[in-house]
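Since the structure comes first, as structure tokens, the remarks are kept for the end.
There are 2 protein chains.
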Amino acid sequence: MTDDAELKKAGLKVTLPRLRILELLEEDQAHLSAEDIYRKLIDAGEEVGLATVYRVLTQFEQAGICIRHNFEEGHAVYELTPSDHHDHMVCLDTGDVIEFTDDVIEERQKILATEHGYEIIDHSMVLYVKPIKK
Amino acid sequence: MTDDAELKKAGLKVTLPRLRILELLEEDQAHLSAEDIYRKLIDAGEEVGLATVYRVLTQFEQAGICIRHNFEEGHAVYELTPSDHHDHMVCLDTGDVIEFTDDVIEERQKILATEHGYEIIDHSMVLYVKPIKK
DNA sequence: GAATAATTGATAGTTAATATTATAATGGCC
DNA sequence: GGCCATTATAATATTAACTATCAATTATTC
Numbered sequence: 036m037t038d039d040a041e042l043k044k045a046g047l048k049v050t051l052p053r054l055r056i057l058e059l060l061e062e063d064q065a066h067l068s069a070e071d072i073y074r075k076l077i078d079a080g081e082e083v084g085l086a087t088v089y090r091v092l093t094q095f096e097q098a099g100i101c102i103r104h105n106f107e108e109g110h111a112v113y114e115l116t117p118s119d120h121h122d123h124m125v126c127l128d129t130g131d132v133i134e135f136t137d138d139v140i141e142e143r144q145k146i147l148a149t150e151h152g153y154e155i156i157d158h159s160m161v162l163y164v165k166p167i168k169k
Numbered sequence: 036m037t038d039d040a041e042l043k044k045a046g047l048k049v050t051l052p053r054l055r056i057l058e059l060l061e062e063d064q065a066h067l068s069a070e071d072i073y074r075k076l077i078d079a080g081e082e083v084g085l086a087t088v089y090r091v092l093t094q095f096e097q098a099g100i101c102i103r104h105n106f107e108e109g110h111a112v113y114e115l116t117p118s119d120h121h122d123h124m125v126c127l128d129t130g131d132v133i134e135f136t137d138d139v140i141e142e143r144q145k146i147l148a149t150e151h152g153y154e155i156i157d158h159s160m161v162l163y164v165k166p167i168k169k
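Sequences listed follow chains A and B, in order.
Sequential numbering of the first sequence, starting at 36, is according to our numbering.
Sequential numbering of the second sequence, starting at 36, is according to our numbering.
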């Protein structure tokens, strides 16, 4: 689906700030804060207000276009709503976010839930890490 | 161990604000924000500054006395450091919280972090579940 | 293309948390 | 137990992340 259609489907008018922000989120596995997006747009010569970035991200989240993560960094980061499930590794030094999945863990989670008489509806797992020093 | 000894062991002078805050955290499974603690103390007639509450909580965290959670609420909450590490399973029907650990998962997490060149500083894992229907 | 309703950007205001600093309390030493 | 250097405190100012306000602008409907 085109960005244009994506916005219309969400009941949002197609405006330049919305298109630009959507494009940024669509870049490879982007995990961006509002500030990140604002800086990228300003650096690219776009005239956009920080308030607009925050507003649009909230709208995107409500429309299900993106999801918001509150990692332990003091600010939220946004990514396009993933079609496939994945977990996150957050580098406490750089703020880098690595996506990963592991079948062994997924399987163990199911087993553990079953052992307690439950089925898993959803889960979240975040590893807070630092680079290994040489 | 007495609260007094706990503070001394952490290299912290025994002061009234620290004792009061520690007592609050020790109340049954307390998950409190700095603001929560401040309000409780003020309501109890204690003369304490909000800055002191934040400072003491940070010191407690550094001393390993309590841990900090960044839930999706916009503010951090603190709880006494649990004696044993555990993850959480939350029942979406009843709100029940089941604590569990799994060595296989813990081990896989370490391996995955190492594969990406990181060491794990901390992690959080929550399974959102529902009872299996018969 | 005009009407109108939504959107934007600038700015001011909030909220959670941290830094500063003058005053006060703590605890080792005698 | 009292002295007193050190540490802690409370009040205040400051910062960072985010939200609300509002006049000016822009997108969709007709």
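We put the CB at the ideal spot given by N, CA and C, even for glycine.
Please confirm whether residue i and residue j have their CB atoms less than 8 Å apart.
{"i": "B:D128", "j": "B:K168", "result": "no"}
{"i": "A:V161", "j": "A:H66", "result": "no"}
{"i": "B:L92", "j": "B:Y113", "result": "yes"}
{"i": "A:K48", "j": "A:L59", "result": "no"}
{"i": "B:C101", "j": "B:T116", "result": "yes"}
{"i": "A:A111", "j": "A:S159", "result": "no"}
{"i": "B:D38", "j": "B:L51", "result": "no"}
{"i": "A:E134", "j": "B:N105", "result": "no"}
{"i": "A:I77", "j": "A:V88", "result": "no"}
{"i": "B:D157", "j": "A:Y163", "result": "yes"}
Any idea which residues DSSP pairs residue i with across the strands?
{"i": "B:S159", "result": "A:V161"}
{"i": "B:P52", "result": "BP columns for B:P52 are empty, so no partner."}
{"i": "A:H104", "result": "A:V112"}
{"i": "A:H123", "result": "A:E134 and A:V161"}
{"i": "A:P166", "result": "B:Y153"}
{"i": "B:L67", "result": "B:Y113"}
Could you check how far apart the C-beta atoms of residue i and residue j are, in whole angstroms? I think they sit under 8 Å.
{"i": "B:E53", "j": "B:L42", "result": "As written in the sequence, residue 53 of chain B is Arg, which differs from the Glu given in the question. That belief holds up - the Cβ atoms of B:R53 and B:L42 are roughly 6 Å apart, short of 8 Å."}
Checklist entry - Between the segment 81 to 97 of chain B and the segment 150 to 159 of chain B, do at least 3 Cβ pairs fall closer than 8 Å? => result no
Checklist entry - Are at least three pairs of beta-carbons, each pair with one atom in the segment 68 to 81 of chain A and one in the segment 73 to 87 of chain B, less than 8 Å apart? => result no
Checklist entry - Using Cβ-Cβ distances below 8 Å, what residues of the segment 127 to 158 of chain B are close to chain A? => result L127, I133, F135, D137, V139, I140, R143, Q144, L147, A148, T149, H151, G152, Y153, E154, I155, I156, D157 and H158
Checklist entry - Does the pairing of the segment 113 to 125 of chain A with the segment 133 to 151 of chain A give three or more beta-carbon distances under 8 Å? => result yes
Item to check | Interfacial residues, the segment 59 to 76 of chain B to chain A, with Cβ spacing under 7 Å | outcome: none
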